[in-house]
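S.K.: Quick note: the sequence shown, position 66, residue 412 per the numbering used here, numbers continuous. Quick reminder that beta carbons are idealized off the backbone N, C-alpha and C, glycines included.
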Amino acid sequence: MTEADMSFYKGRKVLVTGHTGFKGSWMTKVLLLAGAEVSGYALEPPTEPSLFKQMNLAKDMNSLEGDVRDLDHLKKVFKEIKPEVVIHMAAQPLVRDSYKKPVHTYETNVMGTVNLLECIRISDSVRSVVNVTTDKVYRNEEREEGYREDEYLDGYDPYSNSKSCSELVTGSYRNSFLQEQGIAVSTMRAGNVIGGGDYAADRIVPDCMRAAEAGRHITVRNPGSIRPYQHVLEPVMAYLMVAARQFDCFELSGSYNVGPEDCDCVSTGTLAELFCELWEEKTGKHICWLAQSTSGPHEANFLKLNCGKIKDTFGWKPHWHIRDALKDCVDFKNRTEAAGIYIEQQIRKYAAPE
347 MTEADMSFYK
357 GRKVLVTGHT
367 GFKGSWMTKV
377 LLLAGAEVSG
387 YALEPPTEPS
397 LFKQMNLAKD
407 MNSLEGDVRD
417 LDHLKKVFKE
427 IKPEVVIHMA
437 AQPLVRDSYK
447 KPVHTYETNV
457 MGTVNLLECI
467 RISDSVRSVV
477 NVTTDKVYRN
487 EEREEGYRED
497 EYLDGYDPYS
507 NSKSCSELVT
517 GSYRNSFLQE
527 QGIAVSTMRA
537 GNVIGGGDYA
547 ADRIVPDCMR
557 AAEAGRHITV
567 RNPGSIRPYQ
577 HVLEPVMAYL
587 MVAARQFDCF
597 ELSGSYNVGP
607 EDCDCVSTGT
617 LAELFCELWE
627 EKTGKHICWL
637 AQSTSGPHEA
647 NFLKLNCGKI
657 KDTFGWKPHW
667 HIRDALKDCV
677 DFKNRTEAAG
687 IYIEQQIRKY
697 AAPE
């Protein structure tokens, strides 16, 4: 995101759903640094500890507790704050949880999207919207070629499928209502994000961190699975770039993949190995990882994105390689400064001119 994109947000009213989550906390911090008037709508932070609380973000924004499944409440929020830009990140975001709670997952990820878009449809203030989905929206054929935005949407598990549905709902609202109203709407499909302050269960980097801190071997469920790992700032900055650029140019709205270069699409085992190396460099403590056989639910073995569209349309490109992203996770855990100060330093480092 350029300096012009950042300056676009100064004094701008922005609503972020899901702001109390890991990615939402990074998003909120970026917007606050850009001078935006930020409102957030979400449930309580999903983890303890939480990055949102560690950075004490609530004191600098309008943080509202609410559930995207509650249409009446969401309507009141839109009427009260009158957002100009909406970044929709509220979701049930975990594949394994979606097998345990499929109805909740669909209610949140599909009807939550419907409710949000309905509020936008009847709003007289919104001009630009980004709906954050996932790289898992595509029908996965376990191929090496990256998926393009025009390919078939058919996520396998309840989480992935609910996000495919969210994409279709967004397209319908765009075609049926929002295009005519001049409201630009894009969906953005990001790969697996990593970065400081992620405490979620059943995610590889937080699992590595917990094991290392406890002095245990790291257990890896699917060491051969390949994913498009990237630092959380890559998609966050891309979402904000698209929201800013399409604000006055409706033609830029659409669907965009956001992922790393091919060299950073690595296996889970490679990621764990690199984590062990970086942890030892930072702390002097040796750890190792072990493959763990699992009888758990189906998860894709190979997933990669083709990001040619966002590169060609906006001149976007990833900033940091996988080692940089993973080093941030290790450094955050072993930092000496407050979480908010550390995150601000990383944001400024990322945004600095090359």
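Which stretch, first to last residue, makes up the alpha helix (DSSP H) that contains V328?
M.R.: With the chain running from 347 to 700 in the structure shown, residue 328 is simply not present.
S.K.: By how many angstroms is the C-alpha of E464 removed from the C-alpha of S512?
M.R.: Taking the first residue of the sequence shown as 1, we reach residue 512 at position 166. Taking the first residue of the sequence shown as 1, we reach residue 464 at position 118. When rounded, the distance between both Cα atoms is 13 Å.
S.K.: Could you tell me which residues DSSP pairs with G386 in its beta bridges?
M.R.: Sequence index remark: in the sequence shown, residue 386 carries index 40 (1-based). Looking at the DSSP assignment, G386 forms a beta bridge with V362, S409.
S.K.: Any chance the region 550 to 570 sits against the region 505 to 519, with 3 or more Cβ pairs inside 8 Å?
M.R.: No: fewer than three Cβ pairs fall under 8 Å.
S.K.: Run the CB neighbour count on N461, radius 10 Å, all protein chains shown included, and call it buried at 16 or more, exposed below.
M.R.: The count along the sequence shown starts at 1 and reaches residue 461 at position 115. So N461 counts as buried.
S.K.: Can you give me the Cβ contacts of M587 inside the same chain, cut-off strictly under 7 Å, excluding the 5 residues immediately before and after it?
M.R.: Within the sequence shown, numbered from 1, the residue matching residue 587 stands at position 241. The answer, listed in chain order, is M347, D351, F660, W662.
S.K.: Is DSSP giving M435 helix, strand or coil here?
M.R.: Numbered from 1 along the sequence shown, position 89 holds the residue referred to as residue 435. M435: coil per DSSP, three-state reduction.
S.K.: Do M401 and A697 count as a contact pair if the criterion is CB distance below 8 Å?
M.R.: If you number the sequence shown from 1, residue 697 lands on position 351. If you number the sequence shown from 1, residue 401 lands on position 55. Cβ distance not < 8 Å, so A697 and M401 don't count as in contact.
S.K.: Give the secondary structure of I564 by DSSP, where H, G and I count as helix, E and B as strand, and everything else as coil.
M.R.: Taking the first residue of the sequence shown as position 1, residue 564 is located at position 218. Strand.
S.K.: Tell me the rounded alpha-carbon separation between G600 and E627.
M.R.: Within the sequence shown, residue 600 is the residue found at index 254, counting from 1. Within the sequence shown, residue 627 is the residue found at index 281, counting from 1. Distance between the alpha carbons of G600 and E627: 43 Å.
S.K.: Tell whether a beta-carbon distance below 8 Å holds between I693 and V483.
M.R.: Here residue 693 corresponds to residue number 347 of the sequence shown, with the count starting at 1. Here residue 483 corresponds to residue number 137 of the sequence shown, with the count starting at 1. No, the pair does not count as a contact, with Cβ atoms beyond the cut-off.
S.K.: Against chain B, with Cβ distances strictly below 8 Å, would N538 count as a contact?
M.R.: The question asks about chain B, but that chain is absent: this structure has only one protein chain.
S.K.: So, at 6 Å on beta carbons, what are the nonlocal neighbours of I427 in its own chain, with the 5 sequence-adjacent residues on each side left out?
M.R.: Sequence index remark: in the sequence shown, residue 427 carries index 81 (1-based). Excluding residues within five positions, the ones whose Cβ falls inside 6 Å are S385.
S.K.: Which residue marks the beginning of the alpha helix (DSSP H) containing M373, and which one marks its end?
M.R.: One-based indexing of the sequence shown puts residue 373 at position 27. First-last of the alpha helix (DSSP H) with M373: 368 to 379.
S.K.: Considering only the alpha carbon of each residue, which of E559, R669, T393, V551 lies closest to E607?
M.R.: Position 261 of the sequence shown holds residue 607. Considering only alpha carbons, the answer is R669.
S.K.: Starting from I572, follow its DSSP beta bridges and name the residues at the other end.
M.R.: The sequence position of residue 572 within the sequence shown is 226, counting from 1. Looking at the DSSP assignment, I572 forms a beta bridge with S613, F648.
S.K.: What does T533 pair with, by DSSP beta-bridge criteria?
M.R.: Position 187 of the sequence shown, counted from the start, is the residue given in the question as residue 533. According to DSSP, which records beta bridges pairwise, T533 is partnered with N477, S601.
S.K.: Determine, using beta carbons only, whether T393 and T479 come nearer to each other than 8 Å.
M.R.: For the purposes of this step, residue 393 is taken as residue 47 along the sequence shown, with counting starting at 1. For the purposes of this step, residue 479 is taken as residue 133 along the sequence shown, with counting starting at 1. The answer is no: Cβ separation not under 8 Å.
S.K.: So, under 8 Å CB-CB, N647 and E488 are touching, yes? Tell me the CB distance rounded to an integer number of Å.
M.R.: Start at 1 with the first residue of the sequence shown, and residue 647 comes out as number 301. Start at 1 with the first residue of the sequence shown, and residue 488 comes out as number 142. Between E488 and N647 the Cβ distance is about 6 Å, and since that is below 8 Å, they are a contact.
S.K.: Whole angstroms are fine: how far does the CA of E453 sit from the CA of K447?
M.R.: Here residue 447 refers to the residue found at position 101 when the sequence shown is read from its first residue. Here residue 453 refers to the residue found at position 107 when the sequence shown is read from its first residue. Rounded to the nearest angstrom, the two C-alpha atoms are 10 Å apart.
S.K.: Would you identify the three-state DSSP class for A618, choosing helix, strand or coil?
M.R.: Position 272 of the sequence shown, counted from the start, is the residue given in the question as residue 618. If DSSP states are grouped into helix, strand and coil, A618 belongs with the helices.
S.K.: Which of the three DSSP states, helix, strand or coil, is assigned to W662?
M.R.: Stepping through the sequence shown from its first residue, residue 662 is reached at position 316. Residue state, collapsed to three classes: coil.
S.K.: Using three-state DSSP, classify L672 as helix, strand or coil.
M.R.: Taking the sequence shown and counting its residues from 1, the one referred to as residue 672 is at position 326. Reduced to three states, the DSSP call for L672 is helix.
S.K.: Between the region 566 to 574 and the region 518 to 532, can you find at least three pairs of beta-carbon atoms closer than 8 Å?
M.R.: Flag = no, the region 518 to 532 and the region 566 to 574 do not touch.
S.K.: Drop a sphere of 10 angstroms on the beta-carbon of D548, count the other beta-carbons inside from all chains shown, and report buried for 16 or more, exposed for fewer.
M.R.: Residue 548 sits at position 202 when you count from the first residue of the sequence shown. Exposed, by the Cβ-count rule.
S.K.: Go ahead and pull the three-state DSSP assignment for A637.
M.R.: Locating residue 637 in the sequence shown gives position 291, where the first residue counts as 1. A637: strand per DSSP, three-state reduction.
S.K.: Would V784 and N477 be called neighbours here (beta carbons separated by less than 8 Å)?
M.R.: Residue 784 is absent from the model: the chain starts at 347 and stops at 700.
S.K.: Quick one: give me the first and last residue of the alpha helix (DSSP H) that P504 is part of.
M.R.: Numbered from 1 along the sequence shown, position 158 holds the residue referred to as residue 504. Its alpha helix (DSSP H) spans residues 504 to 519.
S.K.: With the cut-off set at 8 Å, would you say T341 and Q438 are in Cβ contact?
M.R.: Nothing about residue 341 can be read from this structure; the chain reaches only from 347 to 700.
S.K.: Considering just the uninterrupted stretch of the alpha helix (DSSP H) at N461, what are its terminal residues?
M.R.: Here residue 461 refers to the residue found at position 115 when the sequence shown is read from its first residue. First-last of the alpha helix (DSSP H) with N461: 458 to 467.
S.K.: How far does the alpha helix (DSSP H) with V423 in it extend, from its first residue to its last?
M.R.: The residue labelled residue 423 in the question sits at position 77 within the sequence shown. That run of the alpha helix (DSSP H) goes 417 to 427.
S.K.: Under the rule that 16 or more other beta-carbon atoms within 10 Å means buried, what is I687, buried or exposed?
M.R.: Walking along the sequence shown from the start, residue 687 turns up at place 341. Exposed, since its Cβ has fewer than 16 Cβ neighbours within 10 Å.
S.K.: Does DSSP put Y445 in a helix, in a strand, or in coil?
M.R.: Here residue 445 is taken as the residue at index 99 of the sequence shown, counted from 1. Correct three-state label for Y445: helix.
S.K.: Find out if the Cβ-Cβ distance for the pair A382, G370 is shorter than 8 Å.
M.R.: Here residue 382 refers to the residue found at position 36 of the sequence shown. Here residue 370 refers to the residue found at position 24 of the sequence shown. No.
S.K.: May I ask you to report which of helix, strand or coil DSSP gives L524?
M.R.: Along the sequence shown, read from residue 1 onward, the residue named residue 524 stands at position 178. Reduced to three states, the DSSP call for L524 is helix.
S.K.: Give the C-beta separation of C675 and I540 to the nearest angstrom, bearing in mind that I take them to be a contact with Cβ-Cβ under 8 Å.
M.R.: Counting from one through the sequence shown, the residue named residue 675 turns up at place 329. Counting from one through the sequence shown, the residue named residue 540 turns up at place 194. Indeed they touch by this definition, with Cβ atoms about 6 Å apart.
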